[in-house]
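Undergrad: Have a look at this one before I ask anything.
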Amino acid sequence: ILKKMRAYHILMDASSIQMTDSPVADPVKLGFDVLSKLKCKFPKSYGGRTLNLIANLIKIKMQSSKWTKETFLELPISKSATDAATTKMLDKFSTELYFADPDILPMGILKNFHLTQKRGLTAYSPPAFAAMGLIFAALFGDYKTAEMLGEVAIEMLDRLDMQAPESRTKLVTYCTVFHWMKPMRSITKEFPHVYQTGMATGDVETAMHILLFGFEMSFISGEQVNVAAERALSNSKIMKDMQKKNFYDMMDMYWEAMRNLQGVSMHTTTIVGESFDEAAILTNETKGKNEMFLKLTTLGVKVVLASIFSEYQTGADILTDQFDVAMKQLLGHCRVYLWTSFGGICCYAAAHQQSSKRHKYLKVARKCRKLLKQWSSQGNPNCPHMVKMLDAEEYWYRGKTTKAITTYHHAVELSKENKFTQYQALANERLGMLLYECNGGRDSSAAILCFNEALQLYEEWGATKKVEQLQAQLRHTYL
Numbered sequence: 230i231l232k233k234m235r236a237y238h239i240l241m242d243a244s245s246i247q248m249t250d251s252p253v254a255d256p257v258k259l260g261f262d263v264l265s266k267l268k269c270k271f272p273k274s275y276g277g278r279t280l281n282l283i284a285n286l287i288k289i290k291m292q293s294s295k296w297t298k299e300t301f302l303e304l305p306i307s308k309s310a311t312d313a314a315t316t317k318m319l320d321k322f323s324t325e326l327y328f329a330d331p332d333i334l335p336m337g338i339l340k341n342f343h344l345t346q347k348r349g350l351t352a353y354s355p356p357a358f359a360a361m362g363l364i365f366a367a368l369f370g371d372y373k374t375a376e377m378l379g380e381v382a383i384e385m386l387d388r389l390d391m392q393a394p395e396s397r398t399k400l401v402t403y404c405t406v407f408h409w410m411k412p413m414r415s416i417t418k419e420f421p422h423v424y425q426t427g428m429a430t431g432d433v434e435t436a437m438h439i440l441l442f443g444f445e446m447s448f449i450s451g452e453q454v455n456v457a458a459e460r461a462l463s464n465s466k467i468m469k470d471m472q473k474k475n476f477y478d479m480m481d482m483y484w485e486a487m488r489n490l491q492g493v494s495m496h497t498t499t500i501v502g503e504s505f506d507e508a509a510i511l512t513n514e515t516k517g518k519n520e521m522f523l524k525l526t527t528l529g530v531k532v533v534l535a536s537i538f539s540e541y542q543t544g545a546d547i548l549t550d551q552f553d554v555a556m557k558q559l560l561g562h563c564r565v566y567l568w569t570s571f572g573g574i575c576c577y578a579a580a581h582q583q584s585s586k587r588h589k590y591l592k593v594a595r596k597c598r599k600l601l602k603q604w605s606s607q608g609n610p611n612c613p614h615m616v617k618m619l620d621a622e623e624y625w626y627r628g629k630t631t632k633a634i635t636t637y638h639h640a641v642e643l644s645k646e647n648k649f650t651q652y653q654a655l656a657n658e659r660l661g662m663l664l665y666e667c668n669g670g671r672d673s674s675a676a677i678l679c680f681n682e683a684l685q686l687y688e689e690w691g692a693t694k695k696v697e698q699l700q701a702q703l704r705h706t707y708l
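In the numbering used here, the protein residues as written are 230 to 708.
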């Protein structure tokens, strides 16, 4: 079996990029079969796997209170070729579960983690510990333990002194674990090195993920639109050179969205142009994991655009239809901030406008607010301003306008302090609308000050089309 492992990895790579109707083997089924040959067994039935997973999750959570870094960093190094082959296959298998069946994803991660505890460290123990960090963050909401596991994974790399798993370990750690407890700007500084390591070791898939996640984290952190557009175009070229269609489709989508904000495109929330047409993704049945992720990512970006361009019902309708699916599929991913923050704004604003769907919109808006408050309460530095914006929207909806105004002022200050320019602009715009409404729809100097501040910030961010739209609204509605 050990002599066949390279062939099995190639076969899994080939099958994982195919559509569901492909004659190539299902990568998850193949993973189960290969692991069984390595004497790494799982319950045969789906129900048995689920029960086994629940029991193991409860057990591991109870054990975690006794963990320290030394608990893991002092583990012996395994010299078994079988252990090395098994942990490497479990790592590949867990990746397939992430896309194909997130409900049982922890099963593969836990098996790898337990094998390391029992038999010692192998080259693929670090990514297993990074993935355990994902479990503690996304499933348990225990971000401190998640951060500790991520740090252990990074330190294990130094001890093992092996370059092969470095890029993958850091991808999982930086992109699904650390952003819960560290500023995203500090994380993205590490990405160029991780990208270079991935390319140097032949781990092109991880290198492409780093380019994609680096773009997304930078955009969420307030990167100027023109810089983001240039980055998207550059990343897309690299991905096309590497023939990674699933990645360059996403980057082309982001590039077209940036063109909407810049005013180069005639569109606002519709993402269509020379390199990407949303209709091909959103109107056709999703056939495979790559199309599913592209669809969810496209919808998430449409929510951002809907919030920025004040097409709130468009964003709210997306959330009421896809929110639960997105939260499940985007497990641990930084894209959840786009769905919860901009999506929450859309739902609260649409609830003011659309009485027939008010209950649905409010239900999802409050889900968004609850999640953001949960993350912020545990020390997440990337979302306190988002929490304040949705707190203000909740007060506004309930008619507590004085509290809403005070809270929106706080949201503006938090956004400014942390240089989240797009959120600062949006918070000023929403505050201007609130102040105008409080003044009975009559001229309000306080509202106009907020709108002018929003205009300046949107211009600074590079959203030229939004500036033109808001200027027109000011002339025709607020002046």
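The C-beta atom is built at its ideal place from N, Cα and C for all residues, glycine as well.
Could you tell me if Trp690 is buried or exposed, where buried requires 16 or more neighbouring beta carbons within 10 angstroms of its beta carbon?
TA: Sequence index remark: in the sequence shown, residue 690 carries index 461 (1-based). Flag for Trp690 reads buried.
Undergrad: Of the choices Tyr577, Ala555, Gln472, Leu560, whose alpha-carbon is the least far from that of Trp568?
TA: Residue numbering aside, residue 568 sits at position 339 when the sequence shown is read from its first letter. Looking at the Cα atoms, Ala555 is the closest of the given residues.
Undergrad: Any idea if Arg235 is buried or exposed, counting beta-carbon neighbours within 10 angstroms, 16 or more meaning buried?
TA: Taking the sequence shown and counting its residues from 1, the one referred to as residue 235 is at position 6. Burial call: exposed.
Undergrad: Taking contact to mean 3 or more Cβ pairs, one atom from each stretch, closer than 8 Å, check whether the region 370-383 and the region 612-632 are in contact.
TA: no
Undergrad: For the region 463-521, which segments carrying the alpha helix (DSSP H) assignment without a break, of at least 4 residues, lie completely within its bounds, in sequence order?
TA: The qualifying runs are 474-491, 507-511.
Undergrad: For Val696, which option in Leu264, Gln651, Gly669, Tyr665 has the closest C-alpha, if you only look at C-alpha atoms?
TA: What you label residue 696 is simply residue 467 of the sequence shown in a count that begins at 1. Nearest C-alpha to Val696: Gln651.
Undergrad: Considering only C-alpha positions, which residue in the set Met428, Ser309, Arg488 is nearest to Lys694?
TA: Start at 1 with the first residue of the sequence shown, and residue 694 comes out as number 465. Of the candidates Met428, Ser309, Arg488, the one whose C-alpha sits nearest the C-alpha of Lys694 is Arg488.
Undergrad: My assumption, with CB atoms under 8 Å, is that Asp312 sits in contact with Leu363. Please give the rounded CB distance.
TA: Start at 1 with the first residue of the sequence shown, and residue 312 comes out as number 83. Start at 1 with the first residue of the sequence shown, and residue 363 comes out as number 134. Approximately 22 Å separates the beta-carbon atoms of Asp312 and Leu363; this is outside 8 Å, ruling out the contact.
Undergrad: Of the choices Phe649, Asn647, Leu660, whose alpha-carbon is the least far from that of Glu622?
TA: As a first step, residue 622 must be located in the sequence shown, where it is residue number 393. Of Phe649, Asn647, Leu660, the residue nearest in Cα terms is Leu660.
Undergrad: What residues in its chain sit with their C-beta under 7 Å from that of Met361, if we drop five residues either side in the sequence?
TA: Counting from 1 along the sequence shown, the entry for residue 361 is found at position 132. Closer than 7 Å at Cβ, skipping near neighbours: Ile338, Phe342, Leu378.
Undergrad: Nearest CA to the CA of Ala366: which residue from Leu684, His639, Asp620, Leu560?
TA: To locate residue 366, count along the sequence shown from 1; it is residue 137. Here the closest residue by C-alpha is Leu560.
Undergrad: Roughly how many angstroms lie between the CA atoms of Gln247 and Gln346, to the nearest whole one?
TA: For the purposes of this step, residue 247 is identified with residue 18 of the sequence shown, where counting begins at 1. For the purposes of this step, residue 346 is identified with residue 117 of the sequence shown, where counting begins at 1. Confidence is the limiting factor: at Gln247 the pLDDT is only 47, short of 50, which leaves the residue's position unreliable and the question unanswerable from this model.
Undergrad: Just the C-alpha distance for Thr706 and Ala359, rounded to the nearest angstrom, thanks.
TA: Residue mapping note: residue 706 aligns to position 477 of the sequence shown, counting from 1. Residue mapping note: residue 359 aligns to position 130 of the sequence shown, counting from 1. Straight-line spacing of the CA atoms in Thr706 and Ala359 works out to 52 Å.
Undergrad: Mind checking Leu334: buried by the 16 CB within 10 Å criterion, or exposed?
TA: Position 105 of the sequence shown, counted from the start, is the residue given in the question as residue 334. Flag for Leu334 reads buried.
Undergrad: Got a sec? Which residues, its chain only, sit under 8 Å from Leu259 by beta carbon, not counting five neighbours each side?
TA: Numbered from 1 along the sequence shown, position 30 holds the residue referred to as residue 259. Only Tyr237, Leu240, Met241, Ser244 meet the Cβ criterion.
Undergrad: Restricting to Cα atoms, I'd like to know which of Lys232, Ser265, Leu525, Gly451 is closest to Met479.
TA: In the sequence shown, counting from the first residue as 1, residue 479 sits at position 250. Nearest C-alpha to Met479: Leu525.
Undergrad: Express the C-alpha separation of Ala675 and Glu688 in angstroms, rounding to a whole number.
TA: Counting from 1 along the sequence shown, the entry for residue 688 is found at position 459. Counting from 1 along the sequence shown, the entry for residue 675 is found at position 446. When rounded, the distance between both Cα atoms is 20 Å.
Undergrad: Please state whether DSSP places Leu267 in a helix, a strand or coil.
TA: Counting from 1 along the sequence shown, the entry for residue 267 is found at position 38. Coil, per DSSP.
Undergrad: Alpha helix (DSSP H) containing Glu384: first to last residue?
TA: By one-based count along the sequence shown, residue 384 stands at place 155. 372-389 is the extent of the alpha helix (DSSP H) around Glu384.
Undergrad: Considering only their Cβ atoms, is the gap separating Thr300 from Leu267 smaller than 8 Å?
TA: Locating residue 267 in the sequence shown gives position 38, counting from the first residue. Locating residue 300 in the sequence shown gives position 71, counting from the first residue. In this structure, Thr300 does not lie closer than 8 Å to Leu267 by Cβ.
Undergrad: Here's the rule I'm using: 16 or more other beta-carbon atoms within 10 Å means buried, otherwise exposed. How should Asn519 be labelled?
TA: To locate residue 519, count along the sequence shown from 1; it is residue 290. Looking at its Cβ environment, which holds 16 or more other Cβ atoms inside 10 Å, Asn519 is buried.
Undergrad: Among His562, Leu548, Arg564, which residue has its Cα nearest to the Cα of Ala578?
TA: Looking up residue 578 in the sequence shown gives position 349. It is Leu548 whose Cα lies nearest to the Cα of Ala578.
Undergrad: On the DSSP bridge assignment, give the partners of Leu350 in chain order.
TA: Here residue 350 refers to the residue found at position 121 when the sequence shown is read from its first residue. Paired residue(s): Ile306.
Undergrad: Please report the distance separating the alpha-carbon of Asp332 from that of Ile634.
TA: As a working note, residue 332 is residue 103 in the sequence shown. As a working note, residue 634 is residue 405 in the sequence shown. Roughly 41 Å between the two C-alpha positions.
Undergrad: Ser504 to Ile510, Cα distance in whole Å?
TA: The sequence position of residue 504 within the sequence shown is 275, counting from 1. The sequence position of residue 510 within the sequence shown is 281, counting from 1. So the two alpha carbons sit approximately 13 Å from each other.
Undergrad: Taking the alpha helix (DSSP H) that Thr398 falls in, what are its first and last residues?
TA: The sequence position of residue 398 within the sequence shown is 169, counting from 1. 395-401 is the span of the alpha helix (DSSP H), which, as asked, contains Thr398.
Undergrad: Taking the straight line between their C-alpha atoms, what separation do you get for Phe444 and Lys288?
TA: Start at 1 with the first residue of the sequence shown, and residue 444 comes out as number 215. Start at 1 with the first residue of the sequence shown, and residue 288 comes out as number 59. Spanning the two alpha carbons is a distance of roughly 37 Å.
Undergrad: Would you kindly check if the distance between the Cβ of Leu663 and the Cβ of Tyr626 is under 8 Å?
TA: Taking the sequence shown and counting its residues from 1, the one referred to as residue 626 is at position 397. Taking the sequence shown and counting its residues from 1, the one referred to as residue 663 is at position 434. No.
Undergrad: Does DSSP put Pro331 in a helix, a strand or coil?
TA: The count along the sequence shown starts at 1 and reaches residue 331 at position 102. Of the three classes helix, strand and coil, the one that applies to Pro331 here is helix, per DSSP.
Undergrad: What is the C-beta distance between Leu655 and Ile537, in whole angstroms, given that I count them as a contact (C-beta under 8 Å)?
TA: Working through the sequence shown from its first residue, we reach residue 655 at position 426. Working through the sequence shown from its first residue, we reach residue 537 at position 308. Indeed, because the Cβ distance is near 7 Å, the residues count as touching under 8 Å.
Undergrad: Cα-Cα, which of Glu540, Gln583, Gln558 is closest to Gly572?
TA: Reading the sequence shown from its first residue, position 343 is the one you call residue 572. The option with the nearest alpha carbon to Gly572 is Glu540.
Undergrad: Check whether the Cβ atoms of Leu302 and Cys269 lie closer than 8 Å to each other.
TA: Within the sequence shown, numbered from 1, the residue matching residue 302 stands at position 73. Within the sequence shown, numbered from 1, the residue matching residue 269 stands at position 40. For the pair Leu302 and Cys269, the CB atoms are not nearer than the 8 Å cut-off.
Undergrad: Let me make sure I understand the geometry here. Which of Cys576, Glu485, Arg414 has the alpha-carbon closest to that of Ala458?
TA: In the sequence shown, counting from the first residue as 1, residue 458 sits at position 229. Nearest of Cys576, Glu485, Arg414 to Ala458, Cα basis: Glu485.
Undergrad: List the whole-angstrom C-beta distance separating Phe476 from Met428, where the pair is believed to meet the contact cut-off of C-beta under 8 Å.
TA: Reading the sequence shown from its first residue, position 247 is the one you call residue 476. Reading the sequence shown from its first residue, position 199 is the one you call residue 428. Contact between Phe476 and Met428 fails: their C-beta atoms lie close to 14 Å from each other, not under 8 Å.
Undergrad: Taking 7 Å as the limit between beta carbons, can you name the residues of its chain near Lys648, skipping five residues before and five after?
TA: Walking along the sequence shown from the start, residue 648 turns up at place 419. Once the five neighbours on either side are set aside, the close Cβ partners of Lys648 are Gly451.
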